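Enquirer:
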Amino acid sequence: MPDFQLKTQTYGQDNQTWLGSAHGTDSARTGTLNIATLTPATHYPNGHLPSGVPVGRITATGLYGLFDKDATDGRQVLVGHTLTAQKVGTSNVVVPILDHGRIIEANLPFPIAAEGKTSAAGRLIYV
C-alpha cells in the first residue's frame, strides 16, 4: 500500500567560491573524515559539512580530521580542504580532499591559521 504521508526533506547548497581555479579539482584524493574532530554546532549545524573545511591526517589511524595547529596527532599539518559539501550523520564520512590548487582564503567557511598555510606551502596557494 502506498505511503501518502507528507514528508519534508532539506537540501543544502554548496558554496565553492573559495576555489581560486579549477586546478586540482579533477584529482582530489579520497579520505575518511573522523567526525569526532568536528563540533556539530559549529561545523555542520544543519547536518551538512561545507566544502572548504581544512583537514589534516591523523597519523595513528590514517583518518582525516579538522586541521588544528595545536594538535599533536598529525592534524597540525594541513593536508587540504574538503572539496564538496557532505551530509554528516553519526559516523565517519568519506570526503574528497583538494590537496593542491589555488584557494581564496577570504571565502573559506572557517579561518585558517598561518601555521596551516605554511605547512601546505608549495601545494596550496592562498590568495
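Letter by letter, the sequence shown follows residues 15 to 141 of the numbering used here.
All C-beta atoms in this analysis are idealised placements derived from N, C-alpha and C, irrespective of residue type, glycine included.
The model shown is predicted, which means the values in this text are computed figures rather than measured ones.
1. Could you spell out where the alpha helix (DSSP H) holding T132 opens and where it closes?
2. How about the region 106-119 and the region 80-90: do they share at least three Cβ pairs that are nearer than 8 Å?
3. Kindly identify the DSSP beta-bridge partner or partners of T46.
4. First and last residue of the beta strand (DSSP E) that includes T56?
5. Taking C-beta to C-beta, are A42 and P110 nearer than 8 Å?
6. For V69, report the span of its beta strand (DSSP E) as first-last.
7. In the DSSP assignment, the beta strand (DSSP E) including L80 goes from what residue to what residue?
8. If you run the structure through DSSP and keep just helix, strand and coil, what is H96?
9. Below 8 Å CB to CB, which residues in the same chain sit around G90 once its five sequence neighbours on both sides are set aside?
10. Measuring CA to CA, which of L47, G61, N121 and L20 is closest to L33?
11. If we ignore side chains and look at the alpha-carbon of each, how far apart do T75 and K21 end up?
12. Could you pull the start and end residues of the beta strand (DSSP E) that P138 belongs to?
Expert: Once the coordinates are examined:
1. By 1-based counting over the sequence shown, the position of residue 132 is 118. Where T132 is concerned, the enclosing alpha helix (DSSP H) stretches over A128 to S133.
2. no
3. Taking the sequence shown and counting its residues from 1, one reaches residue 46 at position 32. Its beta-bridge partners are V108.
4. Residue mapping note: residue 56 aligns to position 42 of the sequence shown, counting from 1. Per DSSP, T56 belongs to no beta strand (DSSP E); it is in the alpha helix (DSSP H), P54 to H57.
5. Taking the first residue of the sequence shown as position 1, residue 42 is located at position 28. Taking the first residue of the sequence shown as position 1, residue 110 is located at position 96. Cβ atoms of A42 and P110: closer than 8 Å.
6. The sequence position of residue 69 within the sequence shown is 55, counting from 1. Looking at the DSSP string, the run of the beta strand (DSSP E) that includes V69 is P68 to R71.
7. Indexing the sequence shown from 1 puts residue 80 at position 66. L80 -> beta strand (DSSP E) spans Y78 to L80.
8. The residue given as residue 96 occupies position 82 in the sequence shown. As written in the sequence, residue 96 is Thr, which differs from the His given in the question. In this structure, T96 counts as strand in the three-state DSSP scheme.
9. Residue mapping note: residue 90 aligns to position 76 of the sequence shown, counting from 1. First, the residue type needs correcting, since residue 90 is Gln and not Gly in the sequence shown. Excluding positions up to five away in sequence, the list reads G70, F81, D82, K83, D84, E129 and S133.
10. Within the sequence shown, residue 33 is the residue found at index 19, counting from 1. The alpha carbon of L33 has as its nearest neighbour, out of L47, G61, N121 and L20, the alpha carbon of N121.
11. Reading the sequence shown from its first residue, position 61 is the one you call residue 75. Reading the sequence shown from its first residue, position 7 is the one you call residue 21. So the two alpha carbons sit approximately 39 Å from each other.
12. In the sequence shown, counting from the first residue as 1, residue 138 sits at position 124. Checking the displayed sequence, the identity of residue 138 turns out to be Leu instead of Pro. That run of the beta strand (DSSP E) goes L138 to Y140.
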